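Enquirer: Quick note on numbering: the sequence shown equals residues 0 to 921 in numbering that gives the first Met the number 0. The beta-carbon is built from N, C-alpha and C at its ideal position, and this holds for glycine as well. Note that the structure is a prediction, hence the values are computed from the model and not measured.
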Amino acid sequence: MTAGVVFAVLGRRQGSGVLVAPGIFLTSAHVLDGARSAVAVAPNRDATRLRVVWSDDRLDAALLQGDTGGTPTPPLSTVITTRPIPGCEILGYPRIQRHDGQKLDLDQFTGTVLPMAGLLRRTLTVELDHPPVTADEDGPSPLAGLSGAPVFAGERLLGIVRAVPRGRGHRRLECVSLTAVLADEAARQWLPTVSVATTGAHPRDDFHEEEYGEALGAAYRRTKIFGLDELGKRTSEWDLDTAYLSLEATSRDQEAVPVPRRIDDLLAARPRVLLRGDAGAGKTTLMWWLAAHAAAGTLGPELAELNGLVPFVVPLRSLRARGNGFPSPAELPGVAGLMIDAAPEGWAGRVLAAGRGLLLVDGLDEVTQADREDAHAWLGGLLARYPGTRCVATVRPHAVAADWLGAEGFEELTLLPLRGDDIQAFVAAWHEAARFDTAPGENLADLEHDLAQQFRHNPNLAELARTPLLCAVICALHRQREGFLPETRWALYDSALTMLLGARDERRRIDAPDGIRMTVEEHTQLLQRFAAWLVRVGQTEFTREQALQRLGRDLPGMPRVQEQGSTDEILTHLLNRSGLLQERTSDVFQFAHRTFQDFLAAKEFVEDDALKEILPRAHDQQWHDVLLLAAGHCKRRDLPVLVEGLLKAGSATRKQDLKTTLYVLAALASQHAAWLDETLRRRVQKAVTSVVPPRNREQLIQLARLGAYVLPLLPKPQETSKDTVEMVTGLISTIGGTVALPYARAFSEAGEAHRFASNWDTFPATAFAREVLTHLQDHSLVSAFGLQQLRLLRELPHLTQVLVIGDVPANEIVEALGNRPLRHLSIGINNVLDTLDFLPSLDCSQLRGLLVSDCPLVTRLDPIGELHDLRLLRLANVRDTDGTLDLTPLHGLPETLQVMVSDTPRKNLIGAAALGERLAVK
């Protein structure tokens with residue numbers, strides 16, 4: 000990157016310069032010699048005209064602005080050491096490098112920064128490794144033209160050359176440090192707010208960092224797509240960009256409408272995030288994607304701030320498998336098992352101390368409950384020691400309490416289930432990948448179309464495809480069964496295992512290439528013993544040595560398998576042929592997904608008559624999925640034991656959240672029974688009723704898992720107290736769908752319609768508008784997500800406070816809202832709206848509040864200048880293509896107007912001064 004940011008600067012003199020921020024160049028003030036403009040040139044580039052935005056003759060530095068077309072810029076660095084820094088380089092356009100007469104060309108010099116030399120004069124001194132050339136005693140310096148040339152330590156910019164004093168063979172350069180430039184308040188307005196510190200002489204750091212980034216890419220740019228591993232090793236792994244789907248999530252911020260947004264957008268403005276998501280929701284895939292792209296500097300504009308950070312991936316499941324404790328800073332680079340030499344001593348600590356670290360902690364739920372507070376203390380201590388470190392940590396939804404990391408500055412995000420367009424996008428991507436192995440006569444296009452149609456018209460099927468994993472399972476089974484699919488989540492997993500263990504080699508016409516033949520049941524028996532052992536010890540990974548020990552204990556009970564090969568050969572067969580085990584790092588293995596591990600472990604516990612052994616673990620969240628999956632494996636005599644045990648565990652605890660969870664598990668388990676004693680069914684219903692209504696958000700989420708089962712148990716509107724109505728209506732909205740609509744209607748008729756106004760998206764759109772929203776008071780705020788809901792607002796002209804979210808064009812907004820006097824209007828997350836010129840077409844005579852948020856094509860505010868009754872204007876992430884926002888159209892509005900601007904720096908606001916204290920910038 001370094002050479003690409005260096006230019007020759009043509010002021011009244013010729014000098015050099017460096018790009019320090021988008022569109023901002025740094026050079027020496029004496030190159031300009033009082034001029035207010037200059038030209039930047041470089042080989043094979045068009046000349047760029049620049050204007051001076053800041054200059055300091057005493058410091059001999061100047062900043063100029065011009066169009067750079069999105070060229071990335073180097074990190075700015077301050078020198079905070081007194082030790083020499085060898086291995087630095089200077090790039091510029093000196094006279095001595097000119098060729099063919101007077102043609103400019105780039106030159107490169109290496110040297111050592113001497114922080115103590117020139118200390119009294121406050122200059123940064125560089126001593127070149129070699130003299131540039133023999134100079135004439137009275138002639139011009141051979142380094143003339145190098146003024147303004149950048150001084151780099153690796154990729155970091157330390158300062159610019161100011162002068163080349165005579166003497167010492169032109170080997171000493173006097174420079175202006177970035178420390179001095181950043182100390183000037185006027186200059187700081189034009190520079191990035193974050194700079195890194197160069198702390199000493201570590202010439203290997205930059206080389207290791209480059210290799211580390213490449214190793215991260217090699218480890219995390221590939222992934223497996225479920226159901227396509229039968230294509231063979233060459234095509235079973237896919238580029239992560241092909242498989243990655245930017246999922247939807249919501250923030251726990253209670254002050255705002257919980258609007259579903261792409262996870263990329265939500266991560267951008269949050270330095271520390273605890274990301275909750277179900278099994279298979281895509282948490283680990285997201286972490287891999289962030290690591291690979293941040294290291295390569297290829298994240299898009301939403302996450303551009305992460306580009307260039309150094310990711311440290313901490314898969315906690317791997318630590319558990321190896322028996323390691325939580326890593327110290329020095330151990331962070333080695334945790335992920337990358338194929339790379341050891342880091343230079345102290346490298347990770349220097350990265351973290353400079354605020355350049357991106358900590359990605361995957362799987363807090365995979366730490367045992369007993370060790371979870373130790374994990375909390377480790378993470379909190381690490382971030383307290385290095386407060387500038389950005390961090391994303393993942394966890395299953397209910398593994399830790401709300402705000403578990405709140406004191407450490409974490410904000411919580413929750414991944415949402417796949418729906419609608421995302422399911423269709425996943426289906427398309429899966430089938431595109433599958434086309435690499437289309438069998439003769441197989442019409443994959445027809446299968447894809449059929450599955451897409453099933454998802455569109457079968458809500459129950461779409462409900463099953465809640466996560467990328469489940470969606471992939473459905474795609475694979477639909478292909479194998481030529482269009483026929485299981486109807487429950489448990490049946491999906493069961494069919495997927497049968498597909499992998501039984502049909503895989505048959506489909507590929509492979510007949511025991513390693514001389515070992517095992518039936519589906521034999522494969523399953525060995526794998527379920529592995530799985531049960533892992534669940535018992537609280538691990539998800541195991542070493543080859545551990546696997547051999549387990550097989551050595553299990554194979555004597557399977558003589559037909561044992562006689563076919565050694566323990567090592569049978570393990571190799573399982574790894575190569577089962578499709579369920581995969582190598583994570585060298586000699587460390589895991590199940591293809593933890594869900595399959597839990598499914599098989601549950602089968603083993605039921606068949607081994609071990610329900611009474613595992614029921615005492617019901618208080619531990621790590622066992623909840625196992626207990627629930629066990630219900631599907633239970634026979635008629637076993638299921639009552641499981642349900643009774645869960646009821647007993649629930650009644651024994653005083654923790655209301657845990658009690659609710661265990662009663663919900665009992666109810667879910669009972670639904671697996673074709674027949675269950677009526678007395679036991681009534682006991683389950685009584686237990687669930689005892690925890691209704693929920694008292695907090697965690698209990699609400701648990702009860703919502705019961706869906707239609709819990710709705711008749713809710714108190715009726717006239718029976719619901721003011722203290723509980725929010726939770727009751729929240730539970731109805733969370734369940735949503737056609738089944739919950741009558742309950743929403745009943746509460747709306749009782750005057751509580753406003754509690755559903757932001758949850759339109761969870762109900763059938765048309766019925767919700769006519770049965771719920773018609774009961775809204777005209778002062779209530781209603782949220783319309785997308786075009787269908789917006790169009791339905793035509794039927795609700797009494798609603799005058801509207802939030803419109805999604806890609807809807809201006810004419811549709813006018814068509815839907817033009818029949819009412821608006822009092823508040825919010826427009827958000829709209830990538831197609833390119834103007835606010837539609838505002839005069841609306842009735843804004845009573846408009847008091849206007850919010851425009853995340854509309855990247857909206858660049859002008861002129862139409863707002865006509866809204867003379869406006870009292871509050873909020874603008875979030877709205878700016879022109881050059882990063883500025885012109886506020887002058889607001890100058891004619893009344894003094895009572897308050898303006899709030901976020902995500903645009905004050906220095907980029909044109910006309911801000913005239914608004915005075917009425918303007919707040921976040």
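(1) For C633, name the three-state secondary structure that DSSP assigns.
(2) Is the beta carbon of R12 less than 8 angstroms from the beta carbon of V30?
(3) How would you call V536, buried or exposed, if buried means at least 16 neighbouring beta carbons within 10 angstroms?
(4) Using the rule of at least 16 other Cβ atoms within 10 Å of the residue's Cβ for burial, across every protein chain shown, is S494 buried or exposed?
(5) If you measure between the beta carbons of L469 and H477, is that distance less than 8 angstroms?
(6) Determine the DSSP secondary structure at R507, reduced to helix, strand or coil.
(7) Among L657, T523, E568, Q621, whose alpha-carbon lies nearest the alpha-carbon of E603?
(8) Considering only C-alpha positions, which residue in the set R694, L664, R696 is nearest to A686?
(9) Pull up the distance between the alpha-carbon of L378 and that of T283, whole angstroms please.
(10) Say whether the stretch 643-662 touches the stretch 706-713, bearing in mind that this needs 3 or more beta-carbon pairs closer than 8 angstroms, one atom from each stretch.
(11) Put D445 into one of helix, strand or coil per three-state DSSP.
(12) If you reduce the DSSP assignment to three classes, tell me which class F529 lands in.
(13) Below 8 angstroms on the Cβ atoms is my guess for C854 versus I826; work out the distance and round it to an integer in Å.
(14) Please name the residue or residues paired with M899 in a DSSP beta bridge.
(15) Helix, strand or coil: how does DSSP classify T413 here?
(16) In its own chain, which residues sit with a C-beta less than 8 angstroms from the C-beta of T47, not counting the 5 before and 5 after it?
(17) Alpha carbon to alpha carbon, how far is E718 from Q655? Give it in angstroms, no decimals.
(18) Under 8 angstroms by Cβ, that's how I've got I804 and V258 pegged, so tell me the actual separation to the nearest angstrom.
(19) Excluding the 5 residues preceding and the 5 following L824 in the sequence, name in chain order all residues of the same chain whose CB lies nearer than 7 angstroms to its CB.
(20) Scan the stretch 322-360 and note each continuous alpha helix (DSSP H) run of 4 residues or more that stays entirely inside, going in chain order.
(21) With a CB to CB cut of under 7 angstroms and the five nearest residues on each side skipped, what residues in its chain are close to S747?
(22) What did DSSP end up calling G14 once you bin it into helix, strand or coil?
(23) Write down every uninterrupted run of the beta strand (DSSP E) in the stretch 803-859 whose length is 3 residues or greater and which is fully enclosed by it, in chain order.
(24) Spatial neighbours of R917 within its chain, please: C-beta separation below 8 angstroms, excluding the five flanking residues on both sides.
(25) Mind checking W674: buried by the 16 CB within 10 Å criterion, or exposed?
(26) Here's the rule: buried if 16 or more other CB atoms are within 10 angstroms of the residue's CB, otherwise exposed. What is M115?
(27) Using only CA atoms, which one of P692, Q701, Q698 lies nearest to P714?
(28) By Cβ distance, which residues of its chain are closer than 6 angstroms to S317, with the 5 residues on each side in sequence left out?
(29) What did DSSP end up calling A162 once you bin it into helix, strand or coil?
(30) Under the three-state reduction of DSSP, which class applies to D106: helix, strand or coil?
(31) Bridge partners for T47 per DSSP, in chain order?
(32) Identify, in the order they occur along the chain, each residue of the same chain with its Cβ nearer than 7 angstroms to the Cβ of E126, setting aside the five sequence neighbours on each side.
(33) Buried or exposed: where does N43 fall if 16 or more other Cβ atoms within 10 Å of its Cβ makes it buried?
(34) Measuring alpha carbon to alpha carbon, tell me which of L645, L599, W429, F588 ends up nearest R616.
(35) When you compare the CB positions of L363 and A294, do they come within less than 8 angstroms of one another, or not?
(36) Can you tell me whether D777 is buried or exposed? The criterion is at least 16 other CB atoms within 10 Å of its CB, across all chains shown.
Expert: The structure says:
(1) Here residue 633 refers to the residue found at position 634 when the sequence shown is read from its first residue. Looking at C633 - three-state DSSP - the assignment turns out to be coil, as it is neither helix nor strand.
(2) Along the sequence shown, read from residue 1 onward, the residue named residue 12 stands at position 13. Along the sequence shown, read from residue 1 onward, the residue named residue 30 stands at position 31. In this structure, V30 lies closer than 8 angstroms to R12 by Cβ.
(3) Against the sequence shown, residue 536 aligns to sequence position 537. By the Cβ neighbour-count rule, V536 is exposed, with fewer than 16 other Cβ atoms within 10 Å of its own.
(4) Translated into positions along the sequence shown, residue 494 becomes position 495. Around the C-beta of S494, 16 or more other C-beta atoms lie within 10 Å, and the residue is accordingly described as buried.
(5) Here residue 469 is taken as the residue at index 470 of the sequence shown, counted from 1. Here residue 477 is taken as the residue at index 478 of the sequence shown, counted from 1. No; because the gap between Cβ atoms is not below 8 angstroms, this pair is not in contact.
(6) Numbered from 1 along the sequence shown, position 508 holds the residue referred to as residue 507. Note that R507 scores a pLDDT of 43, beneath 50, so its modelled location is shaky; the value from the coordinates is reported in the next line. Residue state, collapsed to three classes: coil.
(7) Position 604 of the sequence shown holds residue 603. Considering only L657, T523, E568, Q621, the residue with the shortest C-alpha distance to E603 is T523.
(8) Counting from one through the sequence shown, the residue named residue 686 turns up at place 687. The shortest Cα separation from A686 among R694, L664, R696 belongs to L664.
(9) Within the sequence shown, numbered from 1, the residue matching residue 378 stands at position 379. Within the sequence shown, numbered from 1, the residue matching residue 283 stands at position 284. Annotation: L378 to T283 spans about 18 angstroms, alpha carbon to alpha carbon.
(10) When Cβ pairs closer than 8 angstroms are counted between the two stretches, the stretch 643-662 is seen not to touch the stretch 706-713, the count staying below three.
(11) Residue 445 sits at position 446 when you count from the first residue of the sequence shown. The answer is helix: DSSP assigns D445 an H, G or I state.
(12) Counted from its first residue, the sequence shown places residue 529 at position 530. Here F529 sits in helix by DSSP.
(13) Mapped onto the sequence shown, residue 854 falls at position 855. Mapped onto the sequence shown, residue 826 falls at position 827. Contact check for C854 and I826: beta-carbon distance about 6 angstroms, within the 8 angstroms limit, so the pair qualifies.
(14) One-based indexing of the sequence shown puts residue 899 at position 900. Bridge partners of M899: R873, A919.
(15) For this step, residue 413 is matched to residue 414 along the sequence shown. Here DSSP, grouped into helix, strand and coil, assigns T413 to strand.
(16) The residue labelled residue 47 in the question sits at position 48 within the sequence shown. Listed in chain order, the non-local C-beta contacts of T47 below 8 angstroms within the same chain comprise F6, V38, A39, V40, G65, D66, T67, local neighbours out to five positions each way being set aside.
(17) Walking along the sequence shown from the start, residue 655 turns up at place 656. Walking along the sequence shown from the start, residue 718 turns up at place 719. Looking at the two C-alpha atoms, the distance is approximately 22 angstroms.
(18) Position 805 of the sequence shown holds residue 804. Position 259 of the sequence shown holds residue 258. With 8 angstroms as the limit, I804 and V258 qualify as a contact, their Cβ atoms being about 6 angstroms apart.
(19) The count along the sequence shown starts at 1 and reaches residue 824 at position 825. The answer, listed in chain order, is V801, L846, L849.
(20) If one requires a minimum length of 4 residues, the alpha helix (DSSP H) runs lying completely within the stretch 322-360 are 331-334, 346-352, in chain order.
(21) The sequence position of residue 747 within the sequence shown is 748, counting from 1. Residues of the same chain with a CB within less than 7 angstroms of the CB of S747, apart from the 5 flanking positions on each side, are F755, V771, H774 in chain order.
(22) Within the sequence shown, residue 14 is the residue found at index 15, counting from 1. Reduced to three states, the DSSP call for G14 is strand.
(23) Correct list: 823-827, 848-852.
(24) Position 918 of the sequence shown, counted from the start, is the residue given in the question as residue 917. Excluding sequence neighbours, R917 sits near E894, L896, Q897, V898.
(25) Sequence index remark: in the sequence shown, residue 674 carries index 675 (1-based). Exposed.
(26) Indexing the sequence shown from 1 puts residue 115 at position 116. Taking every protein chain shown into account, the CB of M115 has fewer than 16 other CB atoms within 10 angstroms, so this residue is exposed.
(27) Counting from 1 along the sequence shown, the entry for residue 714 is found at position 715. Minimum Cα distance to P714 is reached at P692.
(28) As a working mapping, residue 317 is identified with position 318 in the sequence shown. Shown here for S317: same chain residues with a beta carbon closer than 6 angstroms to its own, the five before and five after excluded, namely E540 in chain order.
(29) Mapped onto the sequence shown, residue 162 falls at position 163. For A162, the three-state secondary structure derived from DSSP is strand.
(30) For this step, residue 106 is matched to residue 107 along the sequence shown. In this structure, D106 counts as strand in the three-state DSSP scheme.
(31) Residue 47 sits at position 48 when you count from the first residue of the sequence shown. As computed with DSSP, T47 is found in a beta bridge with A39.
(32) Here residue 126 corresponds to residue number 127 of the sequence shown, with the count starting at 1. Cβ within range, chain order: G110, T111, L113, R170, R171.
(33) Within the sequence shown, the letter at position 44 stands for residue 43. Exposed is the label assigned to N43, since fewer than 16 other Cβ atoms lie within 10 Å of its Cβ.
(34) The residue you call residue 616 lines up with position 617 of the sequence shown. Nearest neighbour of R616 by Cα position, chosen from L645, L599, W429, F588, turns out to be L645.
(35) Position 364 of the sequence shown holds residue 363. Position 295 of the sequence shown holds residue 294. Cβ distance not < 8 angstroms, so L363 and A294 don't count as in contact.
(36) The count along the sequence shown starts at 1 and reaches residue 777 at position 778. It is exposed - the Cβ of D777 has fewer than 16 other Cβ atoms within 10 Å.
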